[in-house]
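The sequence shown begins at 10 in the working numbering and counts up by one.
Even glycine gets a Cβ: it sits at the ideal position worked out from N, Cα and C.
It should be emphasised that the depicted structure is a prediction, and the values quoted were computed from it without experimental measurement.
Below is one structure, written out as structure tokens; comments come after it.
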Amino acid sequence: MDWNGHVAIVTGAGSGIGQGVAECFAEAGAEVVIAELNRSRGQAVAEDLQKRYGKGLFLQTDVSKDADCKAVIQYAVQTCGHLDTLVNNAGVNFVKPTLEMDLADWDRVVNVDLRGTFLCSRYALEVMARQRHGNIINIASVHTLATLPEAAPYAAAKGGVVALTRALAIEFAALGIRVNAVSPGLTDTQIWQDIQNAATDAEEVRRHWFDNIPMERVQSSREVGNVALFLASDQSSYITGANIVTDGGMTAQLTSRTRYASKPLEGKAQGRD
Ligand SMILES: NC(=O)c1ccc[n+]([C@@H]2O[C@H](COP(=O)([O-])OP(=O)(O)OC[C@H]3O[C@@H](n4cnc5c(N)ncnc54)[C@H](O)[C@@H]3O)[C@@H](O)[C@H]2O)c1
10 MDWNGHVAIV TGAGSGIGQG VAECFAEAGA EVVIAELNRS RGQAVAEDLQ
60 KRYGKGLFLQ TDVSKDADCK AVIQYAVQTC GHLDTLVNNA GVNFVKPTLE
110 MDLADWDRVV NVDLRGTFLC SRYALEVMAR QRHGNIINIA SVHTLATLPE
160 AAPYAAAKGG VVALTRALAI EFAALGIRVN AVSPGLTDTQ IWQDIQNAAT
210 DAEEVRRHWF DNIPMERVQS SREVGNVALF LASDQSSYIT GANIVTDGGM
260 TAQLTSRTRY ASKPLEGKAQ GRD
């Protein structure tokens, strides 16, 4: 596919997965608008993409704000003439016991992860409906399939993102617009560094996680970026309303393998008592 002239917005592309997605699009030849809250990080990524691929624009954007979402879609269309792809990647998460949470905790996650995805999509769809063409890709999470304790707002917001993906997919399919979600498992970003740094034994932490990931590694941000690129391409022309999981087999597995996998099943386990 020829990506020259393709215009993509990637939210939260100042670091992590969003940066990987932006790199994949720019490397392919697309123009990429970095819609990022953190000015210095967003600008640095846009400058880097300009240097390496001659692509990369930046607009400071807070996706939880209605006016910012409207502005970044307008900016892309005014600067580049049209909009082919929106990648809703900006997201926040934290872990806290539910009984210690207040409304601000809930809003902090839901307003960025779910409301931000809705707002950017809503303004992008206005343009895409006129064009009779477009792609929206929502970065969800494996938390849409299974989750961890003390992550209720995140699991709820990301579950909402997948439901929103289906709702928009069926509403806009006849207009030539496809809407899909990508659900990454553990990815080599700041959160993975934080998990290891917080541990007294980083090797033990890695072993724990790799016991729970059949492919025994975390993925790179660009591995998520490649899935997004595929969903924005003609190679996926009949896929809409899907939630594509890229997790090294994590959610296909019932429990960690090393402790139980090699032991033969006998007695009660086979129902003979
Ligand atoms: N890292 C993982 O293992 C993982 C796994 C599954 C899903 N995800 C999802 O992938 C997405 C990216 O995660 P990441 O780990 O790369 O995160 P990250 O924290 O490294 O990057 C997120 C970026 O979004 C920006 N951002 C935060 N709030 C924003 C706002 N209101 N408006 C615009 N930008 C904002 C941040 O400044 C940051 O640059 C998130 O939606 C996350 O939920 C991550």
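Item	Value
Report yes if the C-beta distance between residue 92 and residue 133 is below 8 Å; otherwise report no.	yes
CB-CB under 8 Å to residue 62, same chain, minus the five flanking residues each way: which ones, in chain order?	35, 36 and 38
When DSSP builds the beta bridges, which residues end up paired with residue 237?	According to DSSP, which records beta bridges pairwise, residue 237 is partnered with nothing at all.
Hey, could you find the ends of the alpha helix (DSSP H) residue 134 is sitting in?	125-140
Kindly provide the ranges of any alpha helix (DSSP H) runs that are 4 or more residues long and lie completely inside the stretch 193-248, ordered along the chain.	199-207, 211-220 and 230-241
Regarding residue 81 and ligand 1, is the C-beta to nearest heavy atom distance less than 7 Å?	no
How do the stretch 104-115 and the stretch 168-177 stand: do at least 3 beta-carbon pairs fall below 8 Å, yes or no?	no
Would you list the residues sitting across from residue 45 in a DSSP beta bridge?	69
Can you tell which of 55, 161, 142 and 149 has its C-alpha closest to the C-alpha of residue 97?	149
Mind checking whether residue 248 and residue 206 have CB atoms under 8 Å apart?	no
What is the residue span of the beta strand (DSSP E) that residue 255 lies within?	252-255
Which residue comes first and which comes last in the beta strand (DSSP E) that contains residue 96?	94-97
Report yes if the C-beta of residue 196 is less than 7 Å from at least one heavy atom of ligand 1; otherwise report no.	yes
Since residue 144 sits in a beta bridge, which residues does DSSP pair it with?	94 and 187
Starting from residue 16 and walking both ways along the beta strand (DSSP E), at which residues does that stretch end?	16-20
For residue 153, is the beta carbon positioned less than 7 Å from some heavy atom of ligand 1?	no
Mind checking who residue 40 pairs with in its DSSP beta bridge?	16
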